[in-house]
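Under my numbering, the sequence shown has 350 at position 126, and the numbering climbs by one with no breaks.
Ideal Cβ placement from N, Cα and C applies to all residues, glycine included.
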Amino acid sequence: MKQSTKLHLIFMNLGFGAYLTFFCMVAQTNYWRQFYSNTFLTVLSMTFNVAALVGSLVALPLDKKFQPSFFAHLHYPVSIISLICLVPIKYIKSAVLRNVLTCVPIACSGFTASMSYPCIIACAAKIDPILSSTLQVAVGLSSIIIQVIEDLISAYYSNFSSQEEYERSLVLNAVYYYIAGSVVLVLSYFSWLYFVKQFPHATTKQTINVPLVTSAPVQNIITGQQNGEFLNGDAVVLEVKTVQSKSISKRIFPIAAALCANYMSGSTMFPLFVLNVPCVRTAKKLQPYTDEWSLVYLTLCQLCDFCGRMLPLNKKFVKKIPVKLVIALCFARVGFACMFPMLSLPKAKVTDGELSQMPVIQSDAFAIINLVFFALLGSFTATIGYVKYQDVLDNEAEKARGSFILGAYLQTGLFLGSISSVCLIPLFK
Numbered sequence: 225m226k227q228s229t230k231l232h233l234i235f236m237n238l239g240f241g242a243y244l245t246f247f248c249m250v251a252q253t254n255y256w257r258q259f260y261s262n263t264f265l266t267v268l269s270m271t272f273n274v275a276a277l278v279g280s281l282v283a284l285p286l287d288k289k290f291q292p293s294f295f296a297h298l299h300y301p302v303s304i305i306s307l308i309c310l311v312p313i314k315y316i317k318s319a320v321l322r323n324v325l326t327c328v329p330i331a332c333s334g335f336t337a338s339m340s341y342p343c344i345i346a347c348a349a350k351i352d353p354i355l356s357s358t359l360q361v362a363v364g365l366s367s368i369i370i371q372v373i374e375d376l377i378s379a380y381y382s383n384f385s386s387q388e389e390y391e392r393s394l395v396l397n398a399v400y401y402y403i404a405g406s407v408v409l410v411l412s413y414f415s416w417l418y419f420v421k422q423f424p425h426a427t428t429k430q431t432i433n434v435p436l437v438t439s440a441p442v443q444n445i446i447t448g449q450q451n452g453e454f455l456n457g458d459a460v461v462l463e464v465k466t467v468q469s470k471s472i473s474k475r476i477f478p479i480a481a482a483l484c485a486n487y488m489s490g491s492t493m494f495p496l497f498v499l500n501v502p503c504v505r506t507a508k509k510l511q512p513y514t515d516e517w518s519l520v521y522l523t524l525c526q527l528c529d530f531c532g533r534m535l536p537l538n539k540k541f542v543k544k545i546p547v548k549l550v551i552a553l554c555f556a557r558v559g560f561a562c563m564f565p566m567l568s569l570p571k572a573k574v575t576d577g578e579l580s581q582m583p584v585i586q587s588d589a590f591a592i593i594n595l596v597f598f599a600l601l602g603s604f605t606a607t608i609g610y611v612k613y614q615d616v617l618d619n620e621a622e623k624a625r626g627s628f629i630l631g632a633y634l635q636t637g638l639f640l641g642s643i644s645s646v647c648l649i650p651l652f653k
């Protein structure tokens, strides 16, 4: 197998396990609605994002003290344990205690995921920036595969003779689901261990502080281009430090701030507003909200998210995209996000056998089109943003540090959006 193919497969596996716990949680929409509440998934999403923000901030000082491999070694075992714990917690009788304990494994997973993901991005940057896109594509692919599997299981278990049978099927669904997710996380962890063994220079800090020098060019094993990096395990990585007029934070601030706004709008609208968009067609039959509509709408969202992540895989295409265009697309996505309140509020209601209330915008076609652009732009800008931020930095040391700073911005956006989403929950009660 070619070295380049091997690297792409490794980063695909790493991407699958990056946010798998979160995607498994989101896909189990009917489970949370049945055993907790209609808005509990929003609370879990906020919990994950708050923990991720804390993790990204904690990672900034720890990055100077620990090797990058430390964060990944922490993330995978914690995520596996978190998935395994979710179903048993459901059987706790106290509702308050059950809700609190359910949030704990989700928070632990978010905390470690936000520390490990920038680390993996930094490792990719040391070898070839296009691997960052491969990683992002794998993240999107894992989300859509998980959602499709959930749809198939839900379609298979669609007819029930009693409420007890329905609840039992949801529990079994979750058990099989989380076991499969744990297996994927184990495979991702093995991929990371293999990567550390085969490419130790990419996962350790080997910095030589020297004045500006010219090193012999070495051919990149993925692109075939000449650069100054050594790509075999025996070589020493030279990280040349030059004097910059601006700090790393200031240089990546424009794109980081735009991505922060992008993430904030996304986490504000998803899942609270997106999953509360009613189906106008079924509303005429006095059923504005159905499990089938929710699953179809969520699957479409994940599919478009994946398509958006696929676009930046073309390296020539990525090079032609200026940073300013990425920033503009981020704010365009904010505009599409602002449409969801009008698509979901006021909440559809059926009173005395009649449809008494519907949202401002009542169009299934518009709801689908808006969702397509919302998901496409969100994943596209997020994926290409992890590549383009490297354009304003000079060497691997700066790119590694910049990945953690960018991660802190992104998690801040997710945190602010999650807080906003939780504060808006009363609108749907």
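In the structure shown, the three-state DSSP call for residue 569 is coil.
For the 8 Å CB-CB criterion, residue 646 and residue 267 form a contact.
Distance between residue 506 and residue 288, taken at the CA atoms: about 56 Å.
Excluding sequence positions up to five before and after residue 326, its CB lies within less than 6 Å of the CB of 313, all in the same chain and listed in chain order.
Contact annotation: residue 293 and residue 420 have beta-carbon atoms nearer than 8 Å.
The Cβ atoms of residue 395 and residue 311 lie closer than 8 Å to each other.
Distances from the CA of residue 347 to each of 648, 620, 639, 321 were compared; the closest alpha carbon is that of 620. Going by DSSP, residue 586 is part of no alpha helix (DSSP H) at all; its letter is neither H nor E. By the C-beta density criterion, residue 600 is buried, having at least 16 other C-beta atoms within 10 angstroms. The three-state reading of DSSP puts residue 340 in helix, counting H, G and I together. Considering only 593, 274, 576, 550, the residue with the shortest C-alpha distance to residue 564 is 593. The C-alpha of residue 571 is placed about 11 Å away from the C-alpha of residue 579.
If you draw a straight line from the Cα of residue 234 to the Cα of residue 240, it is about 10 Å long.
A direct Cα-Cα distance of roughly 32 Å separates residue 245 from residue 385. Taking C-alpha positions only, residue 575 is separated from residue 510 by approximately 9 Å. Secondary structure note for residue 580: it is in no alpha helix (DSSP H), and the uninterrupted beta strand (DSSP E) holding it is 578–581.
By the criterion of a C-beta distance shorter than 6 Å, residue 332 is surrounded in its chain by 302, 306, once the five residues flanking it on both sides are discounted.
Pairing residue 321 with residue 545, the inter-Cα distance amounts to about 49 Å. Counting along the chain, no alpha helix (DSSP H) covers residue 252, and no H or E run does either. Non-local C-beta neighbours of residue 426 in its own chain, meaning closer than 7 Å and more than five positions away in sequence, comprise 347, 350, 351, ordered along the chain. Annotation for residue 377: 397 place their beta carbon closer than 7 Å to its own, counting only its chain and skipping 5 residues before and after. Annotation for residue 524: 592, 595, 596, 599 place their beta carbon closer than 8 Å to its own, counting only its chain and skipping 5 residues before and after. Residue 259 and residue 488 have their C-alpha atoms spaced approximately 28 Å apart. In this structure, DSSP gives residue 263 a state outside helix and strand, which the three-state scheme calls coil. Within 10 angstroms of the beta-carbon of residue 295 lie 16 or more other beta-carbons, which makes it buried.
Taking the CA atoms as reference points, residue 528 sits about 25 Å from residue 257. A residue is called buried once 16 or more other Cβ atoms fall within 10 Å of its Cβ, and residue 549, having fewer, is exposed. If the five residues before and after residue 341 are omitted, its C-beta is found closer than 7 Å to the C-beta atoms of 242, 631, all from its own chain and listed in chain order. Within its own chain, the residues whose Cβ lies closer than 6 Å to the Cβ of residue 251, once the five positions on either side in sequence are excluded, are 370, 371, 374, listed in chain order. For residue 514, the three-state secondary structure derived from DSSP is coil. Beyond the five residues adjoining it in sequence on each side, residue 499 comes within less than 8 Å, by CB distance, of 253, 265, 518, 521, 522 in the same chain, given in chain order. Per DSSP, residue 236 is one residue of the alpha helix (DSSP H) stretching across 227–242. Every unbroken stretch of the alpha helix (DSSP H) spanning 4 or more residues and falling wholly within the region 305–367 is given here in chain order: 319–351. Sequence-distant Cβ neighbours of residue 537 in its own chain, meaning closer than 8 Å and more than five residues away, are 354, 357, 358, 361. At least 8 Å separates the beta-carbon of residue 635 from that of residue 406.
About 5 Å separates the Cβ atoms of residue 633 and residue 484, confirming a contact at the 8 Å cut-off.
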